[in-house]
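In this text, residue positions in the sequence shown follow our numbering: the first is 1, and each later residue adds one. Note that the Cβ used here is the ideal one computed from N, Cα and C, for glycine as well. For reference, the structure is listed below as structure tokens.
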Amino acid sequence: MIKHGSANITAIAKKLDIHHQNAKEHLEVLEKYGIVKKKRYGKALVYEVNYGNPFTLAIKRFLEELGEI
């Protein structure tokens, strides 16, 4: 999501080639720790990276150093 921006659970599951339920469970954990946040747009539920979290920023810097983003 750092690389591709916000997305719904279906798009994330498809991109990662995992089941919808697995993606949902992982996103719930990431949300619990403040790494991602969810927003509702009508019926659509979209997840995005929470750049207000210092840990998220550390992950972003690490990925940048690896050349992944």
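Practice problem: Please classify E48: does DSSP put it in a helix, a strand, or coil? | Solution: strand
Quiz item: Are the CB atoms of I69 and F55 nearer to each other than 8 Å?
Solution: no
Practice problem: Indicate whether K39 and E31 have their beta-carbon atoms separated by less than 8 Å. | Solution: No, the Cβ-Cβ distance between K39 and E31 is not below 8 Å.
Practice problem: Quick one: residues in its chain with C-beta nearer than 6 Å to the C-beta of E112, no 5 flanking neighbours on either side, listed in chain order? | Solution: As shown, the chain starts at 1 and ends at 69. That puts residue 112 outside it, with no answer to give.
Quiz item: Using the C-alpha atoms, what's the distance from Y33 back to H19?
Solution: Near 22 Å, if we compare the C-alpha coordinates of Y33 and H19.
Exercise. Helix, strand or coil for N22, going by three-state DSSP, please let me know.
Key: helix
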